[in-house]
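>
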Amino acid sequence: MTDHDTTRGCGSTRQLASAYPDILIISGVEISTQLGDIIVLGTEEMPMQPWTVENVIDFARERDCVSIVAHPFREYGMGDLAKNYEVDAIEVLNGGSSPSANKSAQELAKLMGLPGVGGSDAHQPAELCSAYTDVKASMDVDEILKAIKKGLVSVPLIDKSIRF
Numbered sequence: 161m162t163d164h165d166t167t168r169g170c171g172s173t174r175q176l177a178s179a180y181p182d183i184l185i186i187s188g189v190e191i192s193t194q195l196g197d198i199i200v201l202g203t204e205e206m207p208m209q210p211w212t213v214e215n216v217i218d219f220a221r222e223r224d225c226v227s228i229v230a231h232p233f234r235e236y237g238m239g240d241l242a243k244n245y246e247v248d249a250i251e252v253l254n255g256g257s258s259p260s261a262n263k264s265a266q267e268l269a270k271l272m273g274l275p276g277v278g279g280s281d282a283h284q285p286a287e288l289c290s291a292y293t294d295v296k297a298s299m300d301v302d303e304i305l306k307a308i309k310k311g312l313v314s315v316p317l318i319d320k321s322i323r324f
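Here's what the structure looks like:
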């Protein structure tokens, strides 16, 4: 679960989800940098400002978190500039992006030799699970983060993925 530029909701979301043993919440944050958004999975901390791409990636690496270029080909995304940075994955299926933007993201991930992940980018309950990442790992946060870095992931298209 990530929110834009804050981790405030992580604890309360984890507490709500604790009633459901088959749901695992992975804390994180989507940081708005000057070049585009970077998702950091595996933290409830915030990186120090200024939020440059380099600072956010270093923050993630120092904490063994996963760094992901979010929706790179949206209007305010990193686009091909992502090639200049050592991230762990590229968001290749985003519930709020156009089909052409998602296709370009898939091509970027392939070109960079990085795993592709999916995210619903939900801002309303009805948007939840329009895109997701299937991770081949046990229900353990550390194992899931390692599996993403290793590319043990797939991004299935489902009926809710109507824009794709």
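Residue numbers (our numbering): 161 to 324.
We put the beta carbon where it would ideally sit given N, CA and C, even for glycine.
In whole angstroms, what is the alpha-carbon distance linking Thr167 and Glu205?
Cα to Cα, Thr167 sits roughly 7 Å from Glu205.
> Would you mind stating whether Leu184 and Val295 have Cβ atoms separated by less than 8 Å?
Not in contact: Leu184 and Val295 (Cβ atoms no closer than 8 Å).
> With DSSP run on the structure shown, which of helix, strand or coil describes Phe324?
Reliability of the predicted coordinates at Phe324 is poor, the pLDDT of 48 falling under 50, and the value obtained from them is presented with this limitation in mind. In the structure shown, Phe324 sits in coil (DSSP, three-state: anything other than H, G, I, E or B).
> When you compare each of Gly311, Ser298, Glu303, Gly188 to Asp182 by their alpha carbons, which one comes out closest?
Measuring from the Cα of Asp182, the nearest candidate turns out to be Ser298.
> Counting only runs of 3+ residues fully inside the stretch 185–240, write out the beta strand (DSSP E) ranges in chain order.
188–192, 197–201, 226–229, all fully within the stretch 185–240.
> Name the DSSP bridge partner or partners of Thr166?
DSSP lists Asp163 as partners of Thr166.
> Looking at the unbroken alpha helix (DSSP H) that takes in Val301, where does it start and where does it end?
Here the alpha helix (DSSP H) through Val301 covers 301–310.
> Just the Cα atoms here: how many angstroms apart are Asp248 and Pro207?
Cα to Cα, the separation comes out at about 17 Å.
> Would you kindly work out how many angstroms separate the C-alpha atoms of Val252 and Ile308, rounded to a whole number?
Each residue's alpha carbon lies about 13 Å from the other.
> Taking 6 Å as the limit between beta carbons, can you name the residues of its chain near Ser314, skipping five residues before and five after?
Asp294, listed in sequence order.
> Can you tell me whether Glu246 is buried or exposed, with buried defined as 16 or more other CB within 10 angstroms of its CB?
That one is exposed.
> Would you call Asp281 buried or exposed, if buried means 16 or more other Cβ atoms sit within 10 Å of its Cβ?
With 16 or more Cβ atoms within 10 Å of its Cβ, Asp281 is classed as buried.
> So which of Asp240, Arg223, Val229 has the shortest CA-CA distance to Gly278?
Comparing Cα positions, the closest option is Val229.
> DSSP has Asn254 in a bridge; who is on the other side?
DSSP output for Asn254 lists Gly279 as bridge partner(s).
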